[in-house]
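Student:
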Amino acid sequence: MRTQEQRQWAVQSSKVAMRTKNPIRMIVDKLDMNSVSKDKPLISLSIGDPTVFGNMDTDHSVSQSIARAVDTRRSNGYAHSCGFPHARKAVADKYSLSNHKLNENDVILASGASGALDIVIGAIADEHDNILVPTPGFSLYETLCGNKGIECRFYRLDSEKDWETDIDHMRSLINERTKAIIVNNPSNPCGSVYSPEHLKEIVAVAEEFCIPIIADEIYADMVFEGVKFTFLAEVTDTVPVISIGGLAKRYLVPGWRLGWVVLYDKLNILKDLREGMARLTTVILGPNTLVQAALPDVIHNTPQEFFDNINKQLSEHAKHTVNRVQKINGLSLSAPKGAMYCMVSIDVERFAEHTGGEIRDDITFAQALLKEESVVVLPGQCFRSPNYFRIVFCPSIEKLEEAYDRLESFCNRKLNLNK
Ligand SMILES: Cc1ncc(COP(=O)(O)O)c(C=O)c1O
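As numbered in full-length UniProt numbering, the sequence shown has no gaps in its residue numbers, which increase by one up to the final residue, 419.
1) Since Asn-184 is in the beta strand (DSSP E), which residue starts that stretch and which ends it?
2) Relative to the C-alpha of Ala-335, which residue among Glu-151, Ala-90, Trp-163, Lys-15 is closest?
3) Should Cys-82 be labelled buried (16 or more other beta-carbon atoms within 10 Å of its own) or exposed?
4) Buried or exposed: which applies to Glu-305, given that a residue is buried once 16 or more other Cβ atoms fall within 10 Å of its Cβ?
5) Nearest-angstrom Cα distance between Met-18 and Asn-147?
6) Under 8 angstroms: do the stretch 166-183 and the stretch 319-337 share three or more Cβ pairs, one atom per stretch?
7) Apart from the five residues just before and just after Asp-32, which ones in its own chain have a Cβ nearer than 8 angstroms to its Cβ?
8) Can you give me the C-alpha to C-alpha distance between Ile-47 and Leu-140, rounded to a whole angstrom?
9) For Val-223 versus Pro-196, is the C-beta spacing smaller than 8 angstroms?
10) Can you find the residues in the same chain that come closer than 7 angstroms, C-beta to C-beta, to Gly-122, ignoring five residues on each side of it along the sequence?
11) Under 7 angstroms: does the beta carbon of Phe-138 sit that close to some heavy atom of ligand 1?
12) Please state if the CB of Val-261 and the CB of Ala-116 are separated by a distance shorter than 8 angstroms.
13) For Lys-30, which residues of its own chain have a beta-carbon under 7 angstroms away from its beta-carbon, when the five flanking residues on both sides are left out?
14) So, helix, strand or coil for Thr-165, using DSSP?
15) What does a CB cutoff of less than 7 angstroms around Ile-66 pick up in its chain, not counting 5 residues either side in sequence?
16) When the Cα atoms are used, what is the spatial distance from His-354 to Val-325?
17) With distances taken Cα to Cα, identify the nearest neighbour of Val-203 among Met-170, Asp-221, Cys-190.
18) Is it right to say Lys-414 is buried, meaning 16 or more other beta carbons lie within 10 angstroms of its own, or is it exposed?
19) Below 8 angstroms on the Cβ atoms is my contact criterion, and I expect Ile-299 with Lys-94 to pass it. Report the Cβ-Cβ distance as a whole number of Å.
20) Going by beta carbon distance, what residues of the same chain come within less than 8 angstroms of Ala-278, once the five residues before and after it are set aside?
21) Let me check understanding here. Comparing Cα to Cα, which of Asn-323, Glu-5, Thr-302, Ile-214 lies closest to Leu-273?
22) Using alpha carbons as the reference points, say which of Lys-15, Leu-157, Ser-63, Leu-144 lies closest to Arg-384.
23) Let me know the secondary structure DSSP gives His-198 once reduced to three states.
24) Given Glu-358, which residues of its chain have a CB within under 6 angstroms of its CB, disregarding the five upstream and five downstream residues?
25) In chain order, what residues of the same chain have a beta carbon less than 7 angstroms from the beta carbon of Pro-379, not counting five sequence neighbours either side?
26) Can you tell which of His-86, Ala-125, Cys-342, Pro-212 has the C-alpha that lies nearest to the C-alpha of Pro-296?
27) Would you list the one or two residues that DSSP bridges to Pro-379?
28) Kindly indicate the opening and closing residues of the beta strand (DSSP E) around residue 427.
29) Tell me whether the stretch 247-254 and the stretch 97-108 touch, counting them as touching only if at least three CB pairs, one residue from each stretch, are closer than 8 angstroms.
30) State yes or no: is the C-beta of Gly-137 within less than 8 angstroms of the C-beta of Phe-229?
31) Just to check, is the beta-carbon of Asp-106 closer than 7 angstroms to a non-hydrogen atom of ligand 1?
32) In angstroms, rounded to a whole number, what distance separates the CA positions of Leu-144 and Met-343?
33) Residues in the same chain with beta-carbon distance under 7 angstroms from Asn-412, minus the five sequence neighbours each way, listed in chain order, please.
34) Verify whether the separation of the beta carbon atoms of Phe-53 and Cys-394 is less than 8 angstroms.
35) Which value, in whole angstroms, describes the spacing of the CA atoms of Glu-316 and Ile-397?
36) Please say whether Ser-61 and Thr-302 have beta carbons closer to each other than 8 angstroms?
This is the structure:
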């Protein structure tokens, strides 16, 4: 029995918790959000949630599906840890491709695409293994690998080639501990959509080194006028493709936290991985059962018109963004083809020269824009791409117009072009 003097509390966070780092949080915390201009209402072009701007809402049929699932009172118990078989079958039916027929055993439901990625990454690699990750790229990959002690090896996307993968660079990063290649198409943050030919080039690297591909396809089919989306598994029968998807973006319900893993694996190369992933699902026991119960209805009965309208709206917003931003002094961008984002390049040398070093990188740019114009953008460093910023172009055209007016006058002022 310890004496009163010997007793003391020493509750600390675990090593795993403390090595869990979200780069976006860390960089956004550097921006002083209280420094907003008081005369101008805040416009956020930084939030990757299409529902928060008030101009995009899910289809009525989608909300009705969940209401029905609640009313039947038959989905209140635990599901299979990989998800209700009928809900997994709905995903399997929807995402079967002409060269890959899926069944429910090829699908695992998870808490959002984030949960799906966590299961796959946790099952495919051990501490000190590595996974190839795109840069610029979605920062969660780094978070999920980092807390498991898995090394991220960042392969370059080429801004001069519509953000295609630098294939030679990708190949040069592979070693005997490389366990997977993550490909994000359409891309957050670049808004790029890869052609079948480019996907084949990536597949050829995976084939050469016998490394499976984790295809983050959460923005599947969210493409703009004249652009066709191709699933990675459409271009290969031999390289195993672990596709990640979910309801969040396409159905405009990110808060429902329903994502999935789909395995395109004709040759049964992933037999052992299936077992590992199934074990990991038993930690959480799958996503919310009400959303799972609604899933077949949501997947099969949401009218095509709803998707067409959203794509049309995003396509117009993208066009508008390119028209405005490419004319702004000191900024440049390549036109996004899908998703909800684009990366804008900042001519930092020019800004540094005209501002006496006040604006010298993407963080100082985003900070000054926030302070003087109340416009929030995410610095490129959140995606390991300094000297860029990311725009989310979901807000209404009127909001975007106002934001781009302010962005333009900010750049002109900083580059002394106002007089
Ligand atoms: C590329 C990418 N993958 C995965 C996710 C996570 O999606 P979810 O909200 O379903 O977890 C996001 C969300 O922004 C994303 O942009």
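Note that the Cβ used here is the ideal one computed from N, Cα and C, for glycine as well.
Tutor: Result, derived from the coordinates:
1) Here residue 184 refers to the residue found at position 184 when the sequence shown is read from its first residue. Start and end: 178-184.
2) Working through the sequence shown from its first residue, we reach residue 335 at position 335. Ranking the options by Cα distance to Ala-335, first place goes to Trp-163.
3) Within the sequence shown, numbered from 1, the residue matching residue 82 stands at position 82. Buried.
4) For the purposes of this step, residue 305 is identified with residue 305 of the sequence shown, where counting begins at 1. Exposed is the call here.
5) For the purposes of this step, residue 18 is taken as residue 18 along the sequence shown, with counting starting at 1. For the purposes of this step, residue 147 is taken as residue 147 along the sequence shown, with counting starting at 1. So the two alpha carbons sit approximately 8 angstroms from each other.
6) no
7) Here residue 32 refers to the residue found at position 32 of the sequence shown. The residues are Gln-367, Leu-370, Lys-371.
8) For the purposes of this step, residue 47 is taken as the residue at position 47 of the sequence shown. For the purposes of this step, residue 140 is taken as the residue at position 140 of the sequence shown. Those two C-alpha atoms are separated by around 15 angstroms.
9) Sequence index remark: in the sequence shown, residue 223 carries index 223 (1-based). Sequence index remark: in the sequence shown, residue 196 carries index 196 (1-based). No, the pair does not count as a contact, with Cβ atoms beyond the cut-off.
10) As a working mapping, residue 122 is identified with position 122 in the sequence shown. Cβ neighbours of Gly-122 beyond the five flanking positions: Lys-148, Leu-280.
11) Looking up residue 138 in the sequence shown gives position 138. Phe-138: yes, Cβ under 7 angstroms from ligand 1.
12) Within the sequence shown, numbered from 1, the residue matching residue 116 stands at position 116. Within the sequence shown, numbered from 1, the residue matching residue 261 stands at position 261. Against a cut-off of 8 angstroms, the Cβ pair of Val-261 and Ala-116 comes out as a contact.
13) Along the sequence shown, one-based indexing puts residue 30 at 30. The residues are Ile-363.
14) Translated into positions along the sequence shown, residue 165 becomes position 165. Here Thr-165 sits in strand by DSSP.
15) Taking the first residue of the sequence shown as 1, we reach residue 66 at position 66. Excluding residues within five positions, the ones whose Cβ falls inside 7 angstroms are Leu-290, Val-291, Ala-294.
16) Here residue 354 is taken as the residue at index 354 of the sequence shown, counted from 1. Here residue 325 is taken as the residue at index 325 of the sequence shown, counted from 1. The alpha-carbon atoms of His-354 and Val-325 are separated by roughly 20 angstroms.
17) For the purposes of this step, residue 203 is taken as residue 203 along the sequence shown, with counting starting at 1. Per the Cα distances, Met-170.
18) Indexing the sequence shown from 1 puts residue 414 at position 414. Lys-414 comes out buried.
19) Indexing the sequence shown from 1 puts residue 299 at position 299. Indexing the sequence shown from 1 puts residue 94 at position 94. Right, their Cβ atoms sit about 5 angstroms apart.
20) Position 278 of the sequence shown holds residue 278. The answer, listed in chain order, is Ser-81, Cys-82, Ile-108.
21) Position 273 of the sequence shown, counting from 1, holds the residue named residue 273. Minimum Cα distance to Leu-273 is reached at Ile-214.
22) Looking up residue 384 in the sequence shown gives position 384. The option with the nearest alpha carbon to Arg-384 is Leu-157.
23) One-based indexing of the sequence shown puts residue 198 at position 198. Reduced to three states, the DSSP call for His-198 is helix.
24) Taking the sequence shown and counting its residues from 1, one reaches residue 358 at position 358. Same-chain partners within the cutoff: there are none.
25) Stepping through the sequence shown from its first residue, residue 379 is reached at position 379. Excluding sequence neighbours, Pro-379 sits near Ile-27, Asp-362, Ile-363, Ala-366, Phe-389.
26) Indexing the sequence shown from 1 puts residue 296 at position 296. Checked all of His-86, Ala-125, Cys-342, Pro-212; the closest Cα to Pro-296 is His-86.
27) On the sequence shown, position 379 is the one that residue 379 refers to. BP columns for Pro-379 point to Phe-389.
28) Absent from the model: residue 427. The displayed extent of the chain is 1 to 419, so no value can be given.
29) no
30) On the sequence shown, position 137 is the one that residue 137 refers to. On the sequence shown, position 229 is the one that residue 229 refers to. It is not a contact, given that the beta carbons lie outside the stated cut-off.
31) What you label residue 106 is simply residue 106 of the sequence shown in a count that begins at 1. No, Cβ of Asp-106 sits at least 7 angstroms from all heavy atoms of ligand 1.
32) Within the sequence shown, residue 144 is the residue found at index 144, counting from 1. Within the sequence shown, residue 343 is the residue found at index 343, counting from 1. Leu-144 and Met-343: Cα-Cα distance of roughly 23 angstroms.
33) The residue labelled residue 412 in the question sits at position 412 within the sequence shown. So the qualifying residues of the chain are Asn-329, Asn-418.
34) Against the sequence shown, residue 53 aligns to sequence position 53. Against the sequence shown, residue 394 aligns to sequence position 394. It is a contact, given that the beta carbons lie within the stated cut-off.
35) Residue 316 sits at position 316 when you count from the first residue of the sequence shown. Residue 397 sits at position 397 when you count from the first residue of the sequence shown. Rounded to the nearest angstrom, the two C-alpha atoms are 8 angstroms apart.
36) Translated into positions along the sequence shown, residue 302 becomes position 302. Translated into positions along the sequence shown, residue 61 becomes position 61. Their beta carbons are under 8 angstroms apart, which means Thr-302 touches Ser-61 by this criterion.
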